[in-house]
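A.B. asks: Residue numbers (my numbering): 32 to 208. Beta carbons: idealized from backbone N, C-alpha and C, even for Gly. Below is a structure I'd like to ask you about.
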Amino acid sequence: MQGGAADNDGRRAIDRTGHPAPLKLEEFLPYQLNVVASLVSQALSRIYSERYGIGVPEWRVLVTLGQYGVMTGKDIGQHSHMHKTKVSRAVALLEKRKFITRRTNRNDLRESFLSLTPAGRSIYEEFAPTALAFAQRLTDVIEPSDRAAFARAVERLTKAAATLAEEITDGRKGNPR
32 MQGGAADNDG
42 RRAIDRTGHP
52 APLKLEEFLP
62 YQLNVVASLV
72 SQALSRIYSE
82 RYGIGVPEWR
92 VLVTLGQYGV
102 MTGKDIGQHS
112 HMHKTKVSRA
122 VALLEKRKFI
132 TRRTNRNDLR
142 ESFLSLTPAG
152 RSIYEEFAPT
162 ALAFAQRLTD
172 VIEPSDRAAF
182 ARAVERLTKA
192 AATLAEEITD
202 GRKGNPR
């Protein structure tokens, strides 16, 4: 936190005078990360929405299946950090549009294996270069000498966020932290 430090229990930020630090939204890391993610998602979604008539959840399902092949809806949700309801709706729309196919798991009839149809694979392969070029334009604003450090920082933030989310979930269940 800018100009502040954590107090002795590590949970509250304090300013240089020892008082609780005010929350400034524009300097608040979770807010900053959300703004970047939202802007990136909005820009990309405009492109694939216009081209293919699909939204963010559908695109995430399609790309996940394009990368990993066959997965369950539950696995897609865990991988893409989407709620099961969003995954289910996206799967239904993609299936209706004939971009994905569903095969029931014989060992667990409650579960289905999802995969891309040739039409879904075609969209994935057609759009991948556009998505990669978009990502490259973002990467280009980072000095080449800073890119490895940035990648490490993103990886550390992702791990820390996952740990914090798990601690909060465990705390709600009454488990020790």
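With H, G and I counted as helix, E and B as strand and the rest as coil, what does DSSP make of residue 132?
C.D. replies: Three-state result, residue 132: strand.
A.B. asks: Does the contact criterion of 3 or more C-beta pairs under 8 Å hold for the segment 146 to 162 versus the segment 129 to 137?
C.D. replies: Judged by Cβ distances under 8 Å, the segment 146 to 162 makes contact with the segment 129 to 137, as three or more pairs qualify.
A.B. asks: Run the CB neighbour count on residue 71, radius 10 Å, all protein chains shown included, and call it buried at 16 or more, exposed below.
C.D. replies: Exposed: under 16 other Cβ atoms inside 10 Å.
A.B. asks: Roughly how many whole angstroms lie between the Cα atoms of residue 96 and residue 106?
C.D. replies: For residue 96 and residue 106, the distance between alpha carbons rounds to 10 Å.
A.B. asks: Can you tell me where the alpha helix (DSSP H) with residue 178 in it begins and where it stops?
C.D. replies: That run of the alpha helix (DSSP H) goes 178 to 203.
A.B. asks: Are the beta-carbon atoms of residue 133 and residue 119 separated by less than 7 Å?
C.D. replies: No, these two residues do not count as a Cβ contact at 7 Å.
A.B. asks: Report the three-state DSSP secondary structure of residue 54 (helix, strand or coil).
C.D. replies: Note: residue 54 maps to coil in three-state DSSP.
A.B. asks: How long is the line joining the alpha carbons of residue 135 and residue 197, rounded to whole angstroms?
C.D. replies: One C-alpha to the other measures close to 31 Å.
A.B. asks: Within a Cβ cutoff of 7 Å, which residues of the same chain sit near residue 162, ignoring the five residues on either side of it in sequence?
C.D. replies: Same-chain partners within the cutoff: 75.
A.B. asks: Which partner residues of residue 139 appear in the DSSP bridge assignment?
C.D. replies: Answer is 136, bridged to residue 139.
A.B. asks: The alpha helix (DSSP H) with residue 71 in it runs from where to where?
C.D. replies: Note, residue 71: alpha helix (DSSP H), 60 to 83.
A.B. asks: If you draw a straight line from the alpha carbon of residue 176 to that of residue 170, how long is it in whole angstroms?
C.D. replies: Their Cα atoms are separated by approximately 12 Å.
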